[in-house]
Amino acid sequence: MIIFYIKRFFILVLFMLAVFIVYAQQPDYYWEPKLSISKKLNNLWRIQGSVTFRQIIENDQPVILQKMESAVSIDRSLFNFSKVGGGYLFGGDDLFRPEVENEHRFMQQYAFYFKFLKYRISNRLRSEQRIYADTYKNRFRYRLSIDFPLNGEKLNLKEAYFIASNELLANVTAKEHDFENRLGAGMGWKLEKINKIQLQLQYRYMKIGLPSESHAIFLASAFYFKL
Amino acid sequence: MKLLAFLIIFLIVFSDNSIAQVSVKNEIEKQIDAELFPQNALAVIQSQLSNAKRIKYYIEVNNADTSYEVKFKKNKSLYSVEFSREGLFEDVEMLIAHKEFSNEIKSNIHKYLNDNFIKHKIKKIQVQYKHPSITLEQLNSLFNEDTQNFNISYEIEIAVKHEDGSPAMYEFHFDSLGQYIDKRIFKQQGDDNILY
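These protein sequence lines are chains A and H, in that order.
Each residue of the first sequence is one higher than the one before, starting from 1 at the first, in my numbering.
Each residue of the second sequence is one higher than the one before, starting from 1001 at the first, in my numbering.
Set out below in structure tokens:
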């Protein structure tokens, strides 16, 4: 019965993604490559660092580097597939326009997952404090994702997996608040040396509740290394 | 650059001492077509597959051992029948619920777990039926719930918390009375992509 609902969930996710892509009005297109490196320190602790580049893709225009983020996080394993952690992120907005503000972000998160046969269902709750030169924002996020190997019940080397996720984000400031939804689906491969490569198509519906609401489609590519 | 320098220093200072001296479950499982499954093994199990659902064939490599496994659903139960590299019967595993244990078995298993770990949570239970030299009739009788010719044991996946607070996931084996036999630690699937 659970498999029945999981299959229906996938179909729904893919359908929603297709509908959003077709009907979203004048979405912006981005390519967001990410490099992540993690190191297990002992049975409890792990450290992770990442660099993300956001590039806007426009017709007849060269690809423009719009944003670069570098982050470092640490997490602690808890009982029964759950983890708690936190980190710091530096975001450099539009490197070619120095007048745009940089961001200092502090993050705290709790994640837990459970498995049923080959399906892994994950939940991530995160709070963020985003500090700019002249403003401060809180952001709260919840992401539900499911991933499973495409060959057999366990993900082995050189095998592919499918991943789908949906994340709800709430931006809260003293003056206003807005919401965002990120729906994505994609595939990844477990490789010997670099551990994991993942490609995900993501639809972002942003600033929901504000006059400036917008849509964007991201091609997110990620390289996950383990030391 | 400061961030990068901090990261590098942190990684150098801390060393990985996570590999405990416990047997590791290092199993590679690949789904294969029925044509690649040993034909003598197929002949043994064929009669049970005629009215089964979700039939899938696998090859398993566990350290130096290779085996073949067919998994299917029959009479609302999930079965896994394992054969050796030569296609000889090894065991039948059936997924069961915790409530299906007798009170004695349940009590013995939980006593062992309570004595050895701070916390535990049972994630998956399979009852294992083994027979040194099975006949086709005996195997068929097993699927009619006649288990008297078989050696019974339990393979249980359990999430635990050690005394030092570290969590782990083990595959335990308990005998037919719920007495501990052995355990192997699971290598966890990477979760970088779901955490970050």
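Just so it is clear, CB atoms sit at the ideal spot from N, CA and C, and this is done for glycine as well.
task = Answer with yes or no whether the minimum CB distance from Glu1029/H to chain A is below 8 Å.
result = yes
query = Identify the residues that DSSP records as bridge partners of Phe1089/H: which are they?
reply = Looking at the DSSP assignment, Phe1089/H forms a beta bridge with Phe1083/H.
key: Spatially closest choice to Glu213/A from Gly152/A, Glu180/A, Gly85/A and Asn102/A, by CA coordinates   = Glu180/A
key: Bridge-paired residues (DSSP) for Gly1178/H   = Bridge partners of Gly1178/H: none, in fact.
key: Residues bridged to Ser36/A [DSSP beta-bridge criterion]   = Ser50/A and Tyr224/A
query = Any beta-carbon of chain H closer than 8 Å to the one on Asp75/A?
reply = Closer than 8 Å: yes.
message = Cutting at 8 Å between CB atoms, please list the residues of its own chain near Phe1014/H, excluding the five before and the five after it.
response = Low local confidence applies: a pLDDT of 46 at Phe1014/H is under 50, so the model's placement there is unreliable, with the coordinate-based value given in what follows. There are no such residues.
ask   = Whose C-beta lies closer than 7 Å to the C-beta of Asp1016/H among residues of the same chain, with five residues either side of it excluded?
value = Because the pLDDT of Asp1016/H is 44, which lies under 50, any placement of that residue in the model is unreliable, and the number read from its coordinates should be weighed accordingly. Taken in chain order, the list of residues that qualify is empty.
inquiry  = Output needed for Ala174/A: all residues of its chain with C-beta closer than 6 Å, excluding positions within five of it in sequence on either side, in chain order.
reply    = Cβ within range, chain order: n/a, list empty.
request  = Report the option in Glu58/A, Val51/A, Asp75/A and Arg76/A whose CA atom is closest to the CA atom of Lys67/A.
outcome  = Val51/A
query = Using the C-alpha atoms, what's the distance from Leu44/A back to Ser1166/H?
reply = 6 Å
key: Three-way DSSP call (helix, strand, coil) for Lys67/A in this model   = strand
message = Can you tell me whether Ala185/A is buried or exposed? The criterion is at least 16 other CB atoms within 10 Å of its CB, across all chains shown.
response = buried
task = Consult DSSP for Gln1046/H and reduce its assignment to one of helix, strand or coil.
result = helix
ask   = Between Leu199/A, His104/A and Pro33/A, which lies nearest to Phe260/A when the distance is taken from Cα to Cα?
value = The question about residue 260/A has no answer here: the residues shown for chain A are numbered 1 through 227.
request  = Tell me whether Ile194/A sits in a helix, a strand or coil according to DSSP, three-state version.
outcome  = coil
key: Cβ pair count under 8 Å reaching 3, the region 1109-1127 of chain H against the region 1145-1156 of chain H   = yes
message = Considering only DSSP beta bridges, list what Tyr1112/H is partnered with.
response = Answer by DSSP bridge pairing: none, since Tyr1112/H is not bridged.
message = Applying the 10 Å Cβ sphere with the 16-neighbour rule, what's the burial state of Pro149/A?
response = buried
inquiry  = In whole angstroms, give me the CA-to-CA distance for Asp1146/H and Ile1152/H.
reply    = The alpha-carbon of Asp1146/H is positioned some 12 Å away from that of Ile1152/H.
request  = Starting from the N-terminal side, write out each stretch of the alpha helix (DSSP H) that is 4 residues or longer and does not extend beyond the region 1128-1162 of chain H.
outcome  = 1136-1142
request  = Just mark Ser36/A as buried or exposed, buried being the case when its beta carbon has 16 or more other beta carbons within 10 Å.
outcome  = buried
task = Please classify Ala160/A: is it buried, with 16 or more other beta-carbons within 10 angstroms of its beta-carbon, or exposed?
result = Counting Cβ neighbours within 10 Å, Ala160/A comes out exposed, since fewer than 16 surround it.
inquiry  = Counting only C-beta atoms, is Ala164/A closer than 8 Å to chain H at any point?
reply    = no
message = I believe Glu1171/H touches Lys1161/H by the beta-carbon criterion, under 8 Å. Please report the beta-carbon distance rounded to the nearest angstrom.
response = Not really, about 17 Å apart at Cβ, beyond 8 Å.
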